[in-house]
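Using the working numbering, count along the sequence shown one by one with no gaps and you end on 1229.
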Amino acid sequence: MSSVVTEEHVQYCFKVLIAHLKKEPYPEPTFKNDRYPLFVTWHKKSADGTSHLRGCIGNFKPLSLREGLKKYALISALQDHRFSPIRLNEIPSLTCAVSLLTNFEVAKDYLDWEVGKHGIWIEFIQIDGTKETATYLPEVMAEQHWTKEEAIASLLRKGEFVGNITKDYCLNSIVLTRYQSKKLEMPYEGII
């Protein structure tokens, strides 16, 4: 796995989305086809210059970059249930980020990670005994100015946990895997 995220990876995501929306053939990538767990994230800049999330989906299973970026560029843009699908007229106001995930480690406990350095993926037990999972990429906690405890509580709620969040629950019911990310985000301007 010698490659890291490049401008060509981000450009490819834009080109795939545009081709899909125009019903044109998909572009042929020329970058190395290494395998990584990956996420594709779309943000939209508003008139006042602020940026808002428009989609973010990925996978923890290592995927070949060519197929994985194509798949998740489209899924994150068109199928993130939190948002309406991205439309062609939005493209000029978008940025795209590609995150390649590395250095996965099972943590000693739910607080064994660093804000701003690690992404966190938790497995936890619901009140009814079912196992659930949820994740935040490394930049999320720093962007939100969360403590570790606030991040864990938010992540449990993201994963639809409905019980009381106590230290005892977190120590006994959460298995946390920490990871790192190589990320590059670029605006649409100058992509094509």
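C-beta: ideal position from N, C-alpha, C; glycine also. Computed from a predicted model, the values in this text were never measured in an experiment.
Beta bridge counterpart(s) of residue i as assigned by DSSP
i	result
G1092	W1079
V1135	V1077 and L1221
T1172	W1158
E1142	R1215
R1072	S1101
Any non-hydrogen atom of the ligand GTP within 7 Å of residue i CB
i	result
E1104	With respect to the ligand GTP, the structure shown offers nothing to examine, as it has no ligands at all.
Run of the alpha helix (DSSP H) containing residue i, from where it starts to where it stops
i	result
G1105	L1102 to L1115
F1161	Element bounds for F1161: not the alpha helix (DSSP H) but the beta strand (DSSP E), G1156 to I1162.
A1084	Element bounds for A1084: n/a, residue is neither H nor E.
L1191	Leu is not the amino acid found at residue 1191; the sequence shown has Ser there. It spans K1185 to K1195 - the alpha helix (DSSP H) in which S1191 sits, taken as one unbroken run.
E1045	E1044 to K1059
Residue i and residue j closer than 8 Å at C-beta
i	j	result
T1167	I1159	no
G1153	A1188	no
A1134	T1214	no
S1136	L1075	yes
V1143	V1212	yes
K1107	L1148	no
N1070	S1113	no
H1080	L1131	yes
Y1073	L1138	yes
Residue burial classification, residue i (beta-carbon count within 10 angstroms, cutoff 16)
i	result
T1123	In the sequence as presented, Thr is not what sits at residue 1123; that position holds Ile. So I1123 ends up on the buried side.
M1038	Note that M1038 scores 42 on pLDDT, short of 50, meaning its location in the model is unreliable and no value can be drawn from it.
R1194	exposed
P1062	exposed
F1141	exposed
I1094	buried
V1199	exposed
Y1216	buried
G1086	exposed
L1111	buried
S1218	buried
Endpoints, beta strand (DSSP E) assigned at residue i
i	result
K1219	I1211 to P1224
Nearest-angstrom Cβ-Cβ length linking residue i and residue j, presumed shorter than 8 Å
i	j	result
G1092	F1051	Their Cβ separation, rounded to whole angstroms, is 13 Å, which puts G1092 and F1051 out of contact at 8 Å.
Y1225	I1128	6 Å
L1221	E1044	7 Å
F1161	S1210	5 Å
N1126	Y1109	Their Cβ separation, rounded to whole angstroms, is 22 Å, which puts N1126 and Y1109 out of contact at 8 Å.
D1146	L1090	Between L1090 and D1146 the Cβ distance is about 29 Å, and since that is not below 8 Å, they are no contact.
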